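Just so you know, we're using our numbering here: the sequence shown kicks off at 181 and counts up by one.
Positions of the beta carbon are idealized from the N, C-alpha and C atoms, including for glycine.
Please read these numbers as outputs of a predicted model, since none were measured by experiment.
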Amino acid sequence: MVDESEPKNSLRRNEGYADLRELIERFESMGEIEHVDGADWNLEVAAIAETVAAKAPGRAPALIFDNIKGYPKGFRIMAGGANGLKRLAVVMDLPEPETEMELVSAMRQRMRKDFQPISPIEVNSGPVMENIDRGDDIDMWKFPVPFVHELDGGRYIGTDDLVIMRDPDSGWVNCGTYRTMVHDKNTVAVWMSPGKHGRLIAEKYKKRGEDCPVLISCGQDPLLFITAHQEIDPEVDELAYAGGQRGRAIDYIPSEVHKLPVPADSELVIEGTMKMDEMREEGPFGEFMGYYASNASELPVVNVERVYYRNEPILTLAVPSRPPENFTFARATVKSALIWDEMEKAGIPGVKGVWCHEAGAGRLFNVVAIEQLYPGHASQAAMVATNCHAGNYAGRWVVVVDQDIDPSNIFDVIWAMSTRCDPPEDVQFIKRAWSTPLDPLLREPPWQNNRGIIDACRPYGWKDEFPKVAESSPELKKQIQKKWPYLYK
Ligand SMILES: Cc1cc2nc3c(=O)[nH]c(=O)nc-3n(C[C@H](O)[C@H](O)[C@H](O)COP(=O)(O)O)c2cc1C
């Protein structure tokens, strides 16, 4: 754990990087990149990204695909950008950690002491403006848009993306990661789950009888992707949030048509208008819980009016699939820190760790470790972890364990559940929670699901008399390791 008395700003590694390309150079020097030459956008790119990430969750390299079949050299795809312990620390501007929990603690400490959003700054130009396609020049097939899984309904340019929209009432700008399918050379579709901020904004335009302006960034700094795919509170500008995380404002250029903020260092940004009354079929798409839970559906068409892109643009790719996925390590780590932060803000004392397991896609199986301080504490902690904004959408299980259990160690967690949890007493249910058509247990709207919360702590009433753990003491373990080091290499 990180020393909680650290002074302000001390946690920054202060190396910084200008954009995705400089970040890639940094990752290269760390030995964190593998190159793939000659793969096909049709299934091969995604299959490689999926299987390499799954081989070593949290430790697999990022991948850069070049010479993609049928596309010019230089039109690259990057997969799994920040989905590794060392790379995520660089992106979050935190010291290199040894373990997941160390990184979570460092993030949480920043949230607690050192975090202020920094508003994005308008600039006149930037690398993303190197090329601007308008009118007949627009052709989404110019780019190596991946076809991800065999049963998908189309090619998806937006997976590791940010969809940028402005609330028509308040002017608040939201960024969310929502999948974007290419219909044809100048139309795309964006799928947004009920209740997601982008969908609420689009519904407001529809209610006013207006179409919805939109930007879709399809290649960018992984920090922007992380910020866009986490549940950040409504009315918070994610570009400002990302600026706060890296300690420096994000530059943007107002877009030509709708004056939405184009991140100046993005690799490729689509500008368009979502025609709220013009529908076309989107999907199906293999999704993050590991299933094709929903069928194709009718979605508003987005007419593409501009494509802004760097020379030889790098698209970024996330592959939703059966977990572990090539983004779930980063999601699990950041979400764990956010839930911990929200629990603390809700007044829950004694939280010692939070981990959102990748087997639950970083959402569906979350574990909280606490030092039990009063009767009902474990139950309260579980309820808040389940219902806070960062932890609520599309969850299923929350397990609360004592502080001697590392929440990221599934072996320890199962041991606690097996030995400290009396199922009829210690398992509770929450009904009608916020879920999504992507949940394989749901067949029709409303998209609500049920949750289980498991108290796997020693029973509060007699925790001090609970049988002692049968294991050698830490001092004894240290002594024997010193004496016979070769046994413990
Ligand atoms: C790779 C990836 C793809 C995602 N695709 C979608 C999607 O297609 N639709 C959706 O509603 N949420 C999707 N999400 C989840 C949202 O990005 C997430 O819930 C986020 O909080 C949305 O932003 P918002 O809170 O501003 O609505 C995706 C997340 C990831 C990591």
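- Between ASP582 and GLN560, the CB-CB gap reaches or exceeds 8 Å.
- VAL499: not part of any beta strand (DSSP E); DSSP gives it neither H nor E.
- Selection ALA517, GLN628, GLN661, PRO503 evaluated against THR616 yields GLN628 as nearest (Cα-Cα).
- A contact is defined here as three or more CB-CB pairs under 8 Å, and the region 431 to 438 fails this definition with respect to the region 374 to 385.
- Of the candidates THR566, HIS409, TRP321, ALA262, the residue whose Cα lies closest to the Cα of VAL484 is TRP321.
- The three-state secondary structure of GLN661, taken from DSSP, is helix.
- Under the three-state reduction of DSSP output, TYR197 falls in the coil class, being neither helix nor strand.
- Separation of the CB atoms of ILE312 and LEU495 is rounded to 17 Å, and the pair is thereby denied contact status at 8 Å.
- ALA262 is positioned such that its CB atom lies no closer than 8 Å to that of PRO504.
- DSSP lists LEU448 as the beta-bridge partner residues of GLY399.
- Here the C-alpha atom of THR508 lies approximately 14 Å from the C-alpha atom of THR357.
- Distances between the C-beta of HIS363 and the heavy atoms of ligand 1 are all 7 Å or more.
- For LEU342, the enclosing beta strand (DSSP E) covers residues 342 to 346.
- By the C-beta density criterion, LEU342 is buried, having at least 16 other C-beta atoms within 10 angstroms.
- Only buried fits LEU518, as 16 or more other CB atoms lie within 10 angstroms of its CB.
- In the DSSP annotation of this structure, ILE430 is not part of any alpha helix (DSSP H), being labelled neither H nor E.
- Measuring C-alpha to C-alpha distances from HIS557 to each of MET523, TYR668, TRP577, ALA539 identifies MET523 as the nearest.
- The nearest non-hydrogen atom of ligand 1 is less than 7 Å from the C-beta of TRP371.
- Between PRO307 and ASP445, the C-beta gap is smaller than 8 Å, which places the two residues in contact.
- Per DSSP, SER350 has no beta-bridge partner at all.
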